[in-house]
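Novice: A single structure is presented below for examination.
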Amino acid sequence: MSQLALPLQLQDHAVFESFWPAGNDALVAYLIELSDTGNGPGCWIWGAPATGKTHLLQAVCDRTGDRSAYLPLGRFVEAGPEVLDGLETRQFICLDDIDTIAGEPEWERSLFELCNQVLDSGGVLIISASASPRESGFGLKDLESRFTRLPPFHVQPLADSDRVRALQLRASMRGLDLPVETANYLLTRRKRDMASLYALLDRLDLESLKAQRRLTIPFVKTVLVLRQGDIDGFSES
Amino acid sequence: MTVEGPLLQAEATPWDRCVGALQAELAEQEFNTWIRPLQAVENGRVLRLLAPNLFVVKWVQRHYLEKISELLKGRLDPVLEVGSRQTGAVDGTGATRQLRPARVEPIASRLNPTFTFATFVEGKSNQLARAAACQVAENPGTSYNPLFIYGGVGLGKTHLMQAVGNALLANNPSARVSYLHSERFVGDMVRGLQHNTISEFKRFYRSLDALLIDDIQFFAGKERSQEEFFHTFNALLEGHRQIILTCDRYPKEVTGLEERLKSRFGWGLTVSIEPPELETSVAILMSKAAIEGLELPEEVAFFIAKRIRSNVRELEGALRRVMATSLFTGQAIDLAFAKTALKDLLAVQDRLVSIENIQKTVAEYFKIRLADLLSKTRSRSIARPRQIAMSLAKELTNHSLPEIGAAFGGRDHTTVLHGCRRITMLRNTEKRIDDDYRNLLRTLTG
Chain B
1269 MSQLALPLQL QDHAVFESFW PAGNDALVAY LIELSDTGNG PGCWIWGAPA TGKTHLLQAV
1329 CDRTGDRSAY LPLGRFVEAG PEVLDGLETR QFICLDDIDT IAGEPEWERS LFELCNQVLD
1389 SGGVLIISAS ASPRESGFGL KDLESRFTRL PPFHVQPLAD SDRVRALQLR ASMRGLDLPV
1449 ETANYLLTRR KRDMASLYAL LDRLDLESLK AQRRLTIPFV KTVLVLRQGD IDGFSES
Chain H
57 MTVEGPLLQA EATPWDRCVG ALQAELAEQE FNTWIRPLQA VENGRVLRLL APNLFVVKWV
117 QRHYLEKISE LLKGRLDPVL EVGSRQTGAV DGTGATRQLR PARVEPIASR LNPTFTFATF
177 VEGKSNQLAR AAACQVAENP GTSYNPLFIY GGVGLGKTHL MQAVGNALLA NNPSARVSYL
237 HSERFVGDMV RGLQHNTISE FKRFYRSLDA LLIDDIQFFA GKERSQEEFF HTFNALLEGH
297 RQIILTCDRY PKEVTGLEER LKSRFGWGLT VSIEPPELET SVAILMSKAA IEGLELPEEV
357 AFFIAKRIRS NVRELEGALR RVMATSLFTG QAIDLAFAKT ALKDLLAVQD RLVSIENIQK
417 TVAEYFKIRL ADLLSKTRSR SIARPRQIAM SLAKELTNHS LPEIGAAFGG RDHTTVLHGC
477 RRITMLRNTE KRIDDDYRNL LRTLTG
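Chains B and H, in that order, are what the protein sequence lines are. Quick note: our numbering has the first sequence finishing at residue 1505, numbered continuously throughout. Quick note: our numbering has the second sequence finishing at residue 502, numbered continuously throughout.
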């Protein structure tokens, strides 16, 4: 088994600079302004999976430091709503995948209490979901109504040309040069959602470091053949 | 970008360095959930790490404390506690220990200073409630006590209630005014019982000059809280202190509330707030825009108000969305711009208010079968709901009259027109039909 001499692979940090904003420029600018000023009740971000909602919430956390709290609710359904306790003591509350707990009375009551405390005290709620507040299936209308106060932003999925640019941006932030032909090659032969493409970039980053090769199409082909099956859900098309 | 992340700087503290190292090591989600919200306060050799709640404290203790200690290299001893730099640390008993001396304040009213009478837009739908609130602000404890304001979600009950509180404080800055949500009252009481401080709780609430409690429907089913609130209520009323309550419905209609409370709520004045009519919604939008320093074109305000009919909160959300887009694209707000900025939100409205959805909702409301609504039956018990449904379809959707007629069992467009005119006329003469229509409108639009 080959090994790297040094643990040099960098993790991507979810920051605004590493988010390709095509079609979502107003949302990104609004979030930056919100993070810097705390001026406004927050916002409701909705859209399809793998469109960057989590990245944006985490970028807010990065910018606001320990004044923020981030909770991926999908991972805490079992833990129960006590994970929400005390979050109002932080200025920026980022709740990811909120619709995973919609329709759960206990959760909704706790969220309602949290919303009242945060919004009454001038805090900021930044929420992600797969649908708009009124389509997210909340049973408690008082809660749904509070969410409708947050300006809604629908995250636009990237066109293929923007996926290429987004991949190149992510690569450049790691110090990698990803030629446009190689990026296009990945897009036409692999799953095209950004989460899968970034996972693939992780793999290519590691392999290029090990092999000391650039990300040319021949090299990428070798990696894809050698590593077929290593990456969940990928198959050669 | 550096290996240790953006937090590593020349003047970084040991905690900053520790955070930087953890950020480089942990997955982004893990880092943001558990490490990022920790607020560090150095106290000699002790590094107090304040977490939002016990859940985070326990998790960090179990998974990261050893690593944190290691990264601090023995220079500081990390101790995890629940709390924040703003509120202080909370020990195991829930009692707050201030990290800094708190500002001396007679009482934290928790009022939003922007909720005043000046910023409350008056319309037919809230005229009476506003007048009553003004009266209470001028003569607290004597004119209407309690003042009970009820109505649907997002119609301005909280604004009006807090406007009274702010006016009371403006007239007498040392007045002891407290605004809170009913769930907070319950929470305070439970903590009082748990920590043996219930007498302080009682003393606090019974010493107020004005107590403003929002959404008292959430007292339903909480007997101990109702009992305590009952005594607080009596003590304040006997002392001629003002009480203002809001609820989503008429007091008698709140299930799970003790009869003696319901009856007391009716001792003062009970007023309702209805959904704003179009002109009031427009005025609300213009007023909110003006507060933000924006002159909103009237046609844009009319467009938003016509399309977003559910409640004032949603109007505000839509307005903020338009303003944000304008600010960051540098484009002026006109009708075409507003339509584009709200495209996705309006698509949601269209999905929610389809003819099929209207038919289903109307059939359920009048407890008739959907098939009857679409049938040729002309008996009044069916025909009237059918005409209401047609009217709603005309008002809430962009479908043409022939399309609406086709969706109602293949009727002619003149039948739809006749039905709509009939309902308009009946709404002016029969209150019950007007109430039914308004209820359905509210159900369908949020």
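Built from N, CA and C at the ideal position, the CB exists for glycine as well. Everything numeric in this text was worked out from a predicted model, so none of it was measured.
If you measure from the beta carbon of residue 1340(B) to each beta carbon in chain H, is any gap under 9 Å?
Specialist: yes
Novice: At 3 residues or longer, and completely inside the segment 226–279 of chain H: list those beta strand (DSSP E) runs for me, N to C.
Specialist: 233–237, 266–270
Novice: Excluding the 5 residues preceding and the 5 following residue 334(H) in the sequence, name in chain order all residues of the same chain whose CB lies nearer than 8 Å to its CB.
Specialist: Within the same chain, and ignoring the five residues on either side of residue 334(H) in sequence, the residues whose Cβ sits closer than 8 Å to its Cβ are 358, 361, 362.
Novice: Closer than 7 Å by C-beta to residue 188(H): which residues in its own chain qualify, once you throw out the five before and the five after it? Chain order, please.
Specialist: 200, 203, 325, 327
Novice: Scan the segment 1408–1487 of chain B and note each continuous alpha helix (DSSP H) run of 4 residues or more that stays entirely inside, going in chain order.
Specialist: 1409–1416, 1428–1441, 1448–1457, 1462–1479
Novice: Please name the residue, chosen from 1363(B), 1313(B), 1305(B), 1446(B), that lies closest to residue 1341(B) on a Cα-to-Cα basis.
Specialist: 1363(B)
Novice: Based on the DSSP output, what are the partners of residue 326(H) in its beta bridges?
Specialist: 204(H)
Novice: Quick one: grab the DSSP three-state call for residue 209(H).
Specialist: coil
Novice: If you draw a straight line from the C-alpha of residue 68(H) to the C-alpha of residue 168(H), how long is it?
Specialist: 37 Å
Novice: With distance defined between alpha-carbon atoms, name the residue in 1457(B), 1462(B), 1399(B) nearest to residue 1493(B).
Specialist: 1457(B)
Novice: Quick check on the DSSP output: what are the complete alpha helix (DSSP H) runs of length 4 or more inside the segment 407–479 of chain H, in order along the chain?
Specialist: 411–421, 426–429, 436–452, 457–463
Novice: How would you label residue 161(H), buried or exposed, when you count the other beta carbons within 10 angstroms and need 16 or more for buried?
Specialist: Bear in mind that a pLDDT of 41 at residue 161(H), under 50, signals an unreliable position, so the number given afterwards is only what the model happens to contain. Looking at its Cβ environment, which holds fewer than 16 other Cβ atoms inside 10 Å, residue 161(H) is exposed.
Novice: Can you have a look at residue 411(H) and say buried or exposed, based on whether 16 or more other CB atoms are within 10 angstroms of its CB?
Specialist: buried
Novice: Apart from the five residues just before and just after residue 282(H), which ones in its own chain have a Cβ nearer than 8 Å to its Cβ?
Specialist: 275, 313, 314, 317
Novice: Kindly confirm or deny that the segment 1324–1343 of chain B and the segment 1281–1299 of chain B touch, where touching means at least three C-beta pairs closer than 8 Å.
Specialist: yes
Novice: If you draw a straight line from the alpha carbon of residue 1417(B) to that of residue 110(H), how long is it in whole angstroms?
Specialist: 30 Å
Novice: Please tell me whether residue 1308(B) has its Cβ less than 9 Å away from any Cβ of chain H.
Specialist: By this cut-off, residue 1308(B) is an interface position.
Novice: Any beta carbon from chain H within less than 9 Å of residue 1284(B)'s own beta carbon?
Specialist: no
Novice: Please list, in chain order, the residues of the segment 100–120 of chain H that have any C-beta partner in chain B closer than 9 Å.
Specialist: 106, 107, 108, 109, 110, 111, 112
Novice: Leaving out five residues before and five after residue 1287(B) in sequence, what residues of the same chain have Cβ atoms less than 7 Å from its Cβ?
Specialist: Result list for residue 1287(B): 1296, 1320, 1323, 1324, 1327, in chain order.
Novice: Residue 303(H): which of 251(H), 262(H), 206(H), 422(H) sits nearest, CA to CA?
Specialist: 206(H)
Novice: According to DSSP, is residue 1330(B) part of a helix, a strand, or is it coil?
Specialist: Looking at residue 1330(B) - three-state DSSP - the assignment turns out to be helix.
Novice: For residue 1283(B), which of helix, strand or coil comes out of DSSP?
Specialist: coil
Novice: What residues from chain B crowd round residue 138(H), counting only those whose CB sits closer than 7 Å?
Specialist: Going along chain B in sequence order, the residues near residue 138(H) (Cβ under 7 Å) are 1354.
Novice: Measuring only from the beta carbon, is residue 372(H) closer than 8 Å to any heavy atom that is part of the ligand SAH?
Specialist: Ligands are entirely absent from the displayed structure, and the ligand SAH is therefore not among its contents.
Novice: For the beta strand (DSSP E) that contains residue 1379(B), what are its first and last residues?
Specialist: Residue 1379(B) -> not in any beta strand (DSSP E); alpha helix (DSSP H) instead, spanning 1373–1388.
Novice: For the beta strand (DSSP E) containing residue 1392(B), name the first residue and the last one.
Specialist: 1392–1397
Novice: Please confirm if residue 443(H) has its CB atom under 9 Å from at least one CB of chain B.
Specialist: no
Novice: Answer yes or no: does any C-beta atom of chain H fall closer than 9 Å to that of residue 1530(B)?
Specialist: Given a span of 1269 to 1505 for chain B in the structure shown, any question on residue 1530(B) remains unanswerable.
Novice: Tell me the residue span of the alpha helix (DSSP H) that contains residue 489(H).
Specialist: According to the DSSP assignment, residue 489(H) belongs to the alpha helix (DSSP H) that extends over 487–500.
Novice: Under the three-state reduction of DSSP, which class applies to residue 1365(B): helix, strand or coil?
Specialist: coil
Novice: Can you tell which of 443(H), 461(H), 456(H) has the C-alpha that lies nearest to the C-alpha of residue 492(H)?
Specialist: With distances taken between Cα atoms, residue 492(H) lies closest to 443(H).
Novice: Determine the extent of the beta strand (DSSP E) in which residue 1318(B) is found, giving its start and end residues.
Specialist: Counting along the chain, residue 1318(B) falls outside any beta strand (DSSP E), and DSSP gives it neither H nor E.
Novice: Taking the alpha carbon of residue 228(H) as the reference point, which residue from 354(H), 341(H), 266(H), 249(H) has its own alpha carbon closest?
Specialist: 266(H)
Novice: Give me the residue from 1312(B), 1483(B), 1366(B), 1345(B) with the minimum Cα distance to residue 1454(B).
Specialist: 1483(B)
Novice: With DSSP as the reference, label residue 99(H) as helix, strand or coil.
Specialist: DSSP places residue 99(H) in strand when its eight states are reduced to three.
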